[in-house]
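Accompanying notes for the structure given below.
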């Protein structure tokens, strides 16, 4: 009922205004006694008009009534504009002018006047009866703007959004008439004073005070443009018209020429990106939406608009969460943290964003962001399997503009292979045709209106800075991580045939070239997207000989990986190894490396390719290096092959014998550093423990490879002759002892071997001697050589002149610190194997401790002549062989056997009651 009364009241008011002529308006205005009364009337009537065009009091389907109302408001606003100019220009009233602009632009942008939304018949009927009232009001606004004079600066940048909204109305003549207002706004701010207390006119008297930029206008223009375009306003025609008009105006201006053209280009780029984003945002393809979002991110980062940058960061973050891309979501938030500091500086509204309203300082927001980042990294399973990378080329103008004739590198999803990736991409573009060749497409494809896609797998290239890990004691997990993460370069090869005129034989290897492309992306992967465009491409050609070398290197590396994998995991699957060995060995008998020999190892080839001599020798070395690797792999296959693969094993052994004989006869016999685990090796670490009590620390093994123990075996003793663990004196002569510099350490097989050792397979322990019926004792020899240069004879004589108290030095021989399996504490992290550090002086080192006295120990066989034998007299320039056996029993009891020559001086023993040798029970 109230709304009906409102409609009746509005109808009466509109009818009164309809009957008023220009004279009626003038007479009505003249009745006001003061300008204040006129201003009060204008402010009220402008507010009423704005409310009428924004919220209709009549039903929306009352088209005739609404159009009549609009025509009367248009006529009234024209009269009021003259009143405002006449009464409130000299004594300027900002509110009167501002209310007029707001009311007039609200009138133009109301839904009832958007003719393009109506049917053709309705649109033509309205135009014939009322014309396009938006254009007429636009011309009135333009006239009012240019009548502001020096007061224009008061409406910059506050009026930028309204003028922009008006110019976006899709009416060509209106756009042409109103777009130049932007250039006038740029001039107003450019020539305005840097000092707020000064007016626009003061700068004409003092040119040094001019602001000389239009940054406020530019910022407001970009923010409003983003909001209006995302809301559905604007089109390609507007972008083109804006660019042409503004470029022409800026080019004619001498002072603002460069800055003005730069601004126009920035805004044109922004409108192009926003149009792409708006066209894609309604699409179900989230990946395209992400690509457009990143384009806008790059744009706002380039022009340093932090508020807009953070706005689109949050949009991209939400998109990743919708697609369960938790790792990429975390990378996205990291970009926000880079804008913040670890300080209590208050947050500005530009840096805060919409999601974090509680945080007040940089530190608080940064901490909150990092907690979210950690949560998403955890969800994203950072240590996921090694992904594969794919190159995707989108050719043809049938794709969206940001994809047309561009190449991207994609990071595959978990366990996603080429076939799965192809299906996923083609599902996103069902009309696309998949190109089956890697040859670059011609213009018939790139310029067509269709969609063509080219997909192939690429190999990641580790960053050069990360390649410093190679050959250094870095964990394999770290190296593997950087081989497929933080990658910006990728390669792939395309084979092609080029006839060599100097090779007449019909062999495909002689003419097989590779075209290798190295692709560089705009950003490393993984990142804020699972794909990035290719920024730079380098193409090189690989000759047949270099191709053969690379093939052999890959093959040898594959064989090495099989051996390493077997040493780490005895339960490895045998099928991949079977396929690899069959491909290498059967090919060797039926062709294989003989193809290389027929092509590259001939006199004719060397004559016509004299520059390839070094490469030929390298290929020969690689062929020879493959034999010991194949030998080990065949042994692994024999150990792991089930009964149904025994015929295959026999075939492999036969082929290997033929290949080995042929290769060693031609290229010599080679060895390899890697061994199977049943050939024991010891890793050396050159360090001294902090307590300086031990050069070698031996710990119980915690690996999972059986119940064997790590040992050091003397080369002068056989396994069958291993002495017992009783304390028994060595019968070496003193001369032999002085020449000895080797430590023989034995550790029985109770637990798994130490982490610093390769262990012996349990199957080989059956032939070892048994001590006291318990566990076998194994001896392993390790020669330790002094790291520093040998001393001169003069230095040696000088040192030998010192007293033989044993307090100034100790032997260079290896001593041992024994820790039981239950040992713990701070020393547990120093379990390592090393030699005496030659850089530490003899005087600084603590002498070795005296042996523990045993009550029942027999001292009757102590050599009297060497009673005061000191480590000082050990010959440091020779290899000293010291026998030490260690057994770790279940009760943590340790039994040790030392050679006499290496024992420190002991106090004189008491006369033993029983001169018979007594052994320590196990």
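Residue numbers (UniProt numbering): 1 to 922. We put the CB at the ideal spot given by N, CA and C, even for glycine.
(request) Would you check if the distance between the CB atom of residue 672 and the CB atom of residue 625 is smaller than 8 Å? (result) yes
(request) Using 10 angstroms around the beta-carbon of residue 172, count the other beta-carbons present and answer buried if the total reaches 16, otherwise exposed. (result) exposed
(message) If you measure between the beta carbons of residue 509 and residue 415, is that distance less than 8 Å?
(response) no
(request) Give the straight-line distance between the Cα atoms of residue 243 and residue 233, rounded to the nearest whole angstrom. (result) 17 Å
(request) Use the C-beta contact count for residue 117: other C-beta atoms within 10 angstroms, 16 or more gives buried, fewer gives exposed. (result) The residue in question, residue 117, is exposed, as its Cβ has fewer than 16 Cβ neighbours within 10 Å.
(message) Let's see if you can read the secondary structure: which residues bound the alpha helix (DSSP H) around residue 393?
(response) Here residue 393 belongs to no alpha helix (DSSP H); instead the beta strand (DSSP E) covers 389–395.
(request) Could you pull out every unbroken alpha helix (DSSP H) segment of at least 4 residues lying fully inside the region 250–302, listed in chain order? (result) 257–281 and 286–302
(request) Kindly indicate which three-state DSSP category residue 160 falls into: helix, strand or coil? (result) helix
(message) Comparing C-alpha positions only, which one of 598, 593, 314 and 633 sits nearest to residue 659?
(response) 593
(request) Report yes if the CB atom of residue 369 is closer than 8 Å to the CB atom of residue 337, and no otherwise. (result) yes
(request) Can you give me the Cβ contacts of residue 144 inside the same chain, cut-off strictly under 6 Å, excluding the 5 residues immediately before and after it? (result) 81
(request) For residue 391, count neighbouring C-beta atoms within 10 Å of its own C-beta (all shown protein chains included) and say buried if the count is 16 or more, exposed if not. (result) buried
(request) For residue 530, name the three-state secondary structure that DSSP assigns. (result) coil
(message) With a threshold of 8 Å, are at least 3 pairs of Cβ atoms found where one atom belongs to the region 603–613 and the other to the region 563–578?
(response) no
(request) Give the straight-line distance between the Cα atoms of residue 897 and residue 667, rounded to the nearest whole angstrom. (result) Note that residue 897 scores 46 on pLDDT, short of 50, meaning its location in the model is unreliable and no value can be drawn from it.
(request) Pick helix, strand or coil for residue 669, following the three-state DSSP scheme. (result) coil
(request) For residue 642, name the three-state secondary structure that DSSP assigns. (result) Reduced to three states, the DSSP call for residue 642 is coil.
(request) Would you tell me roughly how many angstroms separate the C-alpha atoms of residue 85 and residue 396, rounded to the nearest one? (result) The straight-line gap separating the alpha-carbon atoms of residue 85 and residue 396 is approximately 57 Å.
(request) Please name the residue in 157, 139 and 146 whose C-alpha comes closest to that of residue 177. (result) Residue nearest to residue 177 within the set 157, 139 and 146 is 139 (criterion: CA-CA distance).
(message) According to DSSP, simplified to helix, strand and coil, what is residue 408?
(response) strand
(message) Would residue 331 and residue 526 be called neighbours here (beta carbons separated by less than 8 Å)?
(response) Going by C-beta atoms, residue 331 is nearer than 8 Å to residue 526.
(request) In angstroms with no decimal places, state the Cα-to-Cα distance between residue 114 and residue 170. (result) 9 Å
(message) So for residue 498, helix, strand or coil by DSSP?
(response) Three-state result, residue 498: coil.
(request) Can you grab the Cα-Cα spacing for the pair residue 564 / residue 345, in whole Å? (result) 54 Å
(message) Closest to residue 268 by C-alpha separation, out of 255, 279, 289 and 246, would be which residue?
(response) With distances taken between Cα atoms, residue 268 lies closest to 246.
(message) Can you give me the C-alpha to C-alpha distance between residue 662 and residue 477, rounded to a whole angstrom?
(response) 39 Å
(message) So for residue 490, helix, strand or coil by DSSP?
(response) strand
(message) Can you tell me whether residue 152 is helix, strand or coil according to DSSP?
(response) In the structure shown, the three-state DSSP call for residue 152 is helix.
(request) Under 6 Å Cβ to Cβ from residue 519, same chain only, skipping five residues before and after it: list those, please. (result) 490, 534 and 537
(message) Just to confirm the assignment, what range does the beta strand (DSSP E) spanning residue 585 have?
(response) No beta strand (DSSP E) holds residue 585; DSSP gives it neither H nor E.
(message) Report the CB separation of residue 105 from residue 165 in whole angstroms; it is logged as a contact under 8 Å.
(response) 6 Å
(request) Compute the beta-carbon to beta-carbon distance between residue 511 and residue 498, rounded to the nearest angstrom, for a pair I have assumed lies under 8 Å. (result) With a beta-carbon spacing of about 6 Å, residue 511 and residue 498 fall inside the 8 Å limit used to define contacts.
(request) Kindly indicate the opening and closing residues of the alpha helix (DSSP H) around residue 524. (result) Where residue 524 is concerned, there is no enclosing alpha helix (DSSP H), although the beta strand (DSSP E) it sits in stretches over 512–525.
(message) Please return the same chain residues whose Cβ sits closer than 6 Å to the Cβ of residue 220, not counting the five positions on each side in sequence.
(response) Excluding positions up to five away in sequence, the list reads 157 and 160.
(message) residue 297 and residue 229 - do their beta-carbons sit closer together than 8 Å?
(response) no
(message) Is there a Cβ of chain B sitting closer than 8 Å to that of residue 599, yes or no?
(response) Any reference to chain B falls outside this structure, which holds one protein chain only.
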